[in-house]
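Working notes for the structure below.
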Amino acid sequence: AQSVTQLDSQVPVFEEAPVELRCNYSSSVSVYLFWYVQYPNQGLQLLLKYLSGSTLVKGINGFEAEFNKSQTSFHLRKPSVHISDTAEYFCAVIHNNAGNMLTFGGGTRLMVKP
Amino acid sequence: GAVVSQHPSWVICKSGTSVKIECRSLDFQATTMFWYRQFPKQSLMLMATSNEGSKATYEQGVEKDKFLINHASLTLSTLTVTSAHPEDSSFYICSVGTSGRVNEQFFGPGTRLTVL
């Protein structure tokens, strides 16, 4: 079965601290990986994506993620968070035999405290 | 990426009425659009895949007679919630599927439906 697991439903962190949001996936075929951010009452905004090539991917707002095929992970990191980073973050996968079909993780709520 | 709009952004209706939500691809001809539902503090759940000029493909457990999807053009797909009930209250998000080396999705801003 193909699935995406975000191990932490909530991550509280103080402002200017580093953060890592974890994402693991299971798939029997190659995948494309995405991280989206959702602010309250808004749609999803793409943070970054891994399609091929370098396993370290840099995205918007200072976020980056590293694709680790052996550990089937795609963890999202930021070295120093801001209050404005408080939002819901979703990891998602497209399996290359599934057309456009996105499989989403359950989401992680990042709560940045002053 | 594709720019996607939704209308309305929020709607409140009485139980038993029908509500239509529009999803527009503003700068891309979308043969495929997706409709998701998101309950509070939960992830997105795919409801159906909408293909231009053909019937939508619904996910298991989604009532196709209740959630009517029409994808009449390459830039517009509509979701009609028929005879809405309070349990249909949710955040509905559409996305546009692109084709190419990797088939990606670009999301609309969502529509908040509240059924009284």
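Keeping their order, the protein sequence lines are chains V and G.
Our numbering applies: residue 1 is where the first sequence begins, and numbers increase by one.
Our numbering applies: residue 1001 is where the second sequence begins, and numbers increase by one.
C-beta atoms are modelled at their ideal positions from N, C-alpha and C, and glycine is treated no differently.
Strictly below 8 Å CB to CB, what residues from chain G border residue 104 of chain V?
1043 and 1044
TODO: Using three-state DSSP, classify residue 1090 of chain G as helix, strand or coil.
DONE: strand
Point to revise | Amino acids of chain G, ordered along the chain, whose beta-carbon sits closer than 7 Å to that of residue 61 of chain V | key: None at all; the shortest Cβ gap to chain G is about 16 Å.
_Could you check whether residue 1062 of chain G and residue 1086 of chain G sit closer than 9 Å to each other, using their CB atoms as the reference points?_
no
Starting from residue 1071 of chain G, trace the beta strand (DSSP E) in both directions and tell me its first and last residue. 1067 to 1073
- Message: Cβ closer than 8 Å: which chain V residues qualify as neighbours of residue 1086 of chain G?
- Response: None at all; the shortest Cβ gap to chain V is about 19 Å.
key: Continuous beta strand (DSSP E) assignments of at least 3 residues falling wholly in the segment 15 to 90 of chain V   = 19 to 21, 24 to 26, 31 to 38, 44 to 50, 56 to 58, 64 to 68 and 73 to 78
_Give me the chain V residues within the contact set of residue 999 of chain G, using Cβ-Cβ distance strictly less than 8 Å, ordered along the chain._
Because chain G here runs from 1001 to 1116, residue 999 of chain G falls outside it and cannot be looked at.
Any beta carbon from chain G within less than 9 Å of residue 69 of chain V's own beta carbon? no
Contact criterion: CB-CB distance below 9 Å. Does residue 1104 of chain G meet it with respect to chain V?
yes
*asked:* Give me, in chain order, the residues of the same chain whose beta-carbon lies closer than 6 Å to that of residue 1077 of chain G; leave out the 5 immediate sequence neighbours on both sides.
replied: 1023, 1033, 1050 and 1071
### Query
What residues in its chain sit with their C-beta under 8 Å from that of residue 1098 of chain G, if we drop five residues either side in the sequence?
1001, 1002, 1028, 1030, 1104, 1105 and 1106
* Asked: Which chain V residues sit within Cβ distance under 8 Å of residue 1093 of chain G?
  -> 43 and 44
Outcome for residue 53 of chain V when other beta-carbon atoms lying within 10 angstroms are tallied against a minimum of 16: exposed
On the criterion of 16 or more Cβ atoms from any shown chain inside 10 Å, does residue 34 of chain V qualify as buried, or is it exposed? buried
Beta bridge counterpart(s) of residue 1034 of chain G as assigned by DSSP
G/1049 and G/1095
### Query
Along chain G, in chain order, which residues have C-beta atoms closer than 9 Å to that of residue 107 of chain V?
1041, 1042, 1043 and 1044
What's the call for residue 37 of chain V, buried or exposed, on a 16-neighbour Cβ count within 10 Å?
buried
Which listed residue (V/70, V/51 and V/82) has its alpha carbon closest to that of residue 12 of chain V: V/82
**Message:** Given a cut-off of 9 Å on the beta-carbon distance, is the pair residue 32 of chain V and residue 4 of chain V in contact?
**Reply:** no
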